[in-house]
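Visitor: My structure is below; once you've seen it, I'll send some questions.
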Amino acid sequence: MNDKDKVIAWFKRLGFQPKIDNFQDKLIAQKTVYLLQLKGLGTKFHYGFHVRGPYSRELTNELYANRRDFEQGITGIQPSAREEKVLDEFKTLFEMKPSLLEVASSYAYFIASEHLDPVEAIRKVKEVKPFISETNVAVGISRVKEFLFPPSAKDLETARKEHAPWQEAEASTIERDEHEERRNMAG
Amino acid sequence: MDGNFVALIGRSKALNSKVFSLVRLQLLASLAAFEPDGVTYRELKASLGLSDGALFSNLKALQMTGYVKREEVKFEGKNLDLFKLTPEGNAEWEAAAEWLREFLDFGGSKT
Chain A
347 MNDKDKVIAW
357 FKRLGFQPKI
367 DNFQDKLIAQ
377 KTVYLLQLKG
387 LGTKFHYGFH
397 VRGPYSRELT
407 NELYANRRDF
417 EQGITGIQPS
427 AREEKVLDEF
437 KTLFEMKPSL
447 LEVASSYAYF
457 IASEHLDPVE
467 AIRKVKEVKP
477 FISETNVAVG
487 ISRVKEFLFP
497 PSAKDLETAR
507 KEHAPWQEAE
517 ASTIERDEHE
527 ERRNMAG
Chain B
845 MDGNFVALIG
855 RSKALNSKVF
865 SLVRLQLLAS
875 LAAFEPDGVT
885 YRELKASLGL
895 SDGALFSNLK
905 ALQMTGYVKR
915 EEVKFEGKNL
925 DLFKLTPEGN
935 AEWEAAAEWL
945 REFLDFGGSK
955 T
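Residue numbers (our numbering), protein chains in the order written: chain A, 347 to 533; chain B, 845 to 955.
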C-alpha cells in the first residue's frame, strides 16, 4: 500500500476533493496530511518548515504526478476503522478550514519538531502568521491540542490538585451564602 | 587554493546583478522552495520580515526582469497576490545558488 493511495482514501473520507491547480486546496492538502501523519496514521512524507509552515515537497510532487487520482478520488483502498474514527474527529475539529489548519499545523510543528514549550509555540505561531486573526489562532491551537495533545492522566491529576483549593473556596462561599440567605428569610 | 579562490571570485562576475542582492536572493530562495505552487505576498512579508516598501519594490524589479510572475488567488473568500518563479527566474536562482554553494565549500575547507 503506498502513501498516495492512503492519502486519497483519507481525503475521500473527509469529503475533500482537491483541485491541484487551486492554491487553497493545495494548502489544505499539505496541512491535513501533516496533522494526520503526526497523529500516527502511517504515511512518511518528509516535512520541513518554510514560509507557509510545514510543507512537504514529496507530497507536492505526488499531487502533481497523480493529479487525476487526487481530483477524482481514485484509490484502491479504504481507511481502517481506526483511521475512520480519527478522520471523523479531524473533520469535526478543523472543518477543513484553511486558517485553522495553518495555525494547527504550525503549532504542532513547533511542539513536535522544535520541542518548544506551549507558550513559546503560541508566540511563534503569531510571529509567522500575523495575518491570521487572534480568534482563529486561539481556535486553531485549542483544536490541535484536543486532536494531538490530549491531557494525560498525570496532567489531569496535576490540574485537579491545582484547582482543588479554588473548588473548596467556592464550595464554602456557596455554603456561607446559603446560610445567610436562610437566616435573612427567617429574620 | 589561492588560485581556486581567485577563479571563484572571477566567476562571481558572471552572476546577474539584477538578482544578486540579499533581498532578491531571499525572495528567489523562498519562491524556489515552493515551486510550482508559489508564495503569497503576506507569507513573504511575514517570513522575511521586510517592510512593504522593500518587498514591493524588489518583487516589482524581479517581475520587470521576467524572473517572477504574479497571480491573484482566492483564499477564504479574499483575493491574495501569489508570486511564482518563471523558468528564467529558476535558472537565475540555480546559477546564484551554485556559486554560493561553491563559495561556502571553499570557506569550509580552511585551506
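Note that the Cβ used here is the ideal one computed from N, Cα and C, for glycine as well.
1. Per DSSP, T884 of chain B is paired with what?
2. Taking only the alpha-carbon atoms, compute the straight-line gap between R506 of chain A and S459 of chain A and give it to the nearest angstrom.
3. Give the DSSP bridge partners of Y401 of chain A, in chain order.
4. Does DSSP put E466 of chain A in a helix, a strand or coil?
5. Just the C-alpha distance for S518 of chain A and E524 of chain A, rounded to the nearest angstrom, thanks.
6. Compare the C-beta of Q363 of chain A with all C-beta atoms of chain B and state if any pair is closer than 8 Å.
7. Using a Cβ-Cβ distance cut-off of 8 Å, determine whether S895 of chain B contacts chain A.
8. As a quick exercise: from A:A355, A:D351, A:K475 and A:Y393, pick the residue whose alpha carbon is nearest that of G893 of chain B.
9. Can you pull out the residues from the stretch 365–380 of chain A whose beta carbon lies closer than 7 Å to at least one beta carbon of chain B?
10. Could you check what DSSP says for K918 of chain B in three-state terms: helix, strand or coil?
11. Give the DSSP-derived three-state secondary structure of K358 of chain A in the structure shown.
12. Check for me: the alpha helix (DSSP H) holding T378 of chain A runs from which residue to which?
13. So the candidates are A:P400, A:D367, A:T406 and A:R398; which of them puts its Cα closest to the Cα of V353 of chain A?
14. Along chain A, which residues have their Cβ under 9 Å away from the Cβ of Q883 of chain B?
15. How is K437 of chain A classed by DSSP in three states: helix, strand or coil?
16. Against chain A, with Cβ distances strictly below 8 Å, would R886 of chain B count as a contact?
17. At a Cβ cut of 7 Å, what residues of the stretch 403–426 of chain A count as close to chain B, listed as they run along the chain?
18. How long is the line joining the alpha carbons of A411 of chain A and I487 of chain A, rounded to whole angstroms?
19. In whole angstroms, what separates the C-alpha of L903 of chain B from that of N923 of chain B?
20. Quick test of the definition: if touching needs 3 or more C-beta pairs under 8 Å, does the stretch 863–875 of chain B touch the stretch 929–944 of chain B?
21. Starting from M908 of chain B, trace the alpha helix (DSSP H) both ways and give me its first and last residue.
Guide: In brief:
1. Position 40 of the second sequence, counting from 1, holds the residue named residue 884 of chain B. DSSP output for T884 of chain B lists B:L926 as bridge partner(s).
2. Stepping through the first sequence from its first residue, residue 506 of chain A is reached at position 160. Stepping through the first sequence from its first residue, residue 459 of chain A is reached at position 113. One C-alpha to the other measures close to 29 Å.
3. For the purposes of this step, residue 401 of chain A is taken as the residue at position 55 of the first sequence. Beta bridge pairing from DSSP links Y401 of chain A with A:G394.
4. By 1-based counting over the first sequence, the position of residue 466 of chain A is 120. Helix at E466 of chain A.
5. The sequence position of residue 518 of chain A within the first sequence is 172, counting from 1. The sequence position of residue 524 of chain A within the first sequence is 178, counting from 1. Roughly 10 Å between the two C-alpha positions.
6. Looking up residue 363 of chain A in the first sequence gives position 17. No - not a single Cβ of chain B is within 8 Å of the one on Q363 of chain A.
7. Here residue 895 of chain B corresponds to residue number 51 of the second sequence, with the count starting at 1. No, no contact with chain A.
8. As a working mapping, residue 893 of chain B is identified with position 49 in the second sequence. The residue with the shortest Cα to Cα distance from G893 of chain B is A:K475.
9. F369, Q370 and K372
10. Mapped onto the second sequence, residue 918 of chain B falls at position 74. Strand.
11. As a first step, residue 358 of chain A must be located in the first sequence, where it is residue number 12. Residue state, collapsed to three classes: helix.
12. Along the first sequence, read from residue 1 onward, the residue named residue 378 of chain A stands at position 32. Run containing T378 of chain A: F369 to L384, per the alpha helix (DSSP H) assignment.
13. Here residue 353 of chain A is taken as the residue at index 7 of the first sequence, counted from 1. The shortest C-alpha separation from V353 of chain A is found at A:T406.
14. Looking up residue 883 of chain B in the second sequence gives position 39. Reading off the sequence, residue 883 of chain B comes out as Val, not Gln. Simply H396, V397 and R398.
15. Residue numbering aside, residue 437 of chain A sits at position 91 when the first sequence is read from its first letter. Reduced to three states, the DSSP call for K437 of chain A is helix.
16. Residue 886 of chain B sits at position 42 when you count from the first residue of the second sequence. With 8 Å as the cut-off, R886 of chain B counts as an interface residue toward chain A.
17. Taken in chain order, the members of the stretch 403–426 of chain A whose beta-carbon sits within less than 7 Å of a beta-carbon on chain B are T406.
18. Along the first sequence, one-based indexing puts residue 411 of chain A at 65. Along the first sequence, one-based indexing puts residue 487 of chain A at 141. Roughly 33 Å between the two C-alpha positions.
19. Translated into positions along the second sequence, residue 903 of chain B becomes position 59. Translated into positions along the second sequence, residue 923 of chain B becomes position 79. Computed Cα separation, rounded: 18 Å.
20. Short answer: they touch.
21. Locating residue 908 of chain B in the second sequence gives position 64, where the first residue counts as 1. Counting along the chain, the alpha helix (DSSP H) containing M908 of chain B begins and ends at D896 to M908.
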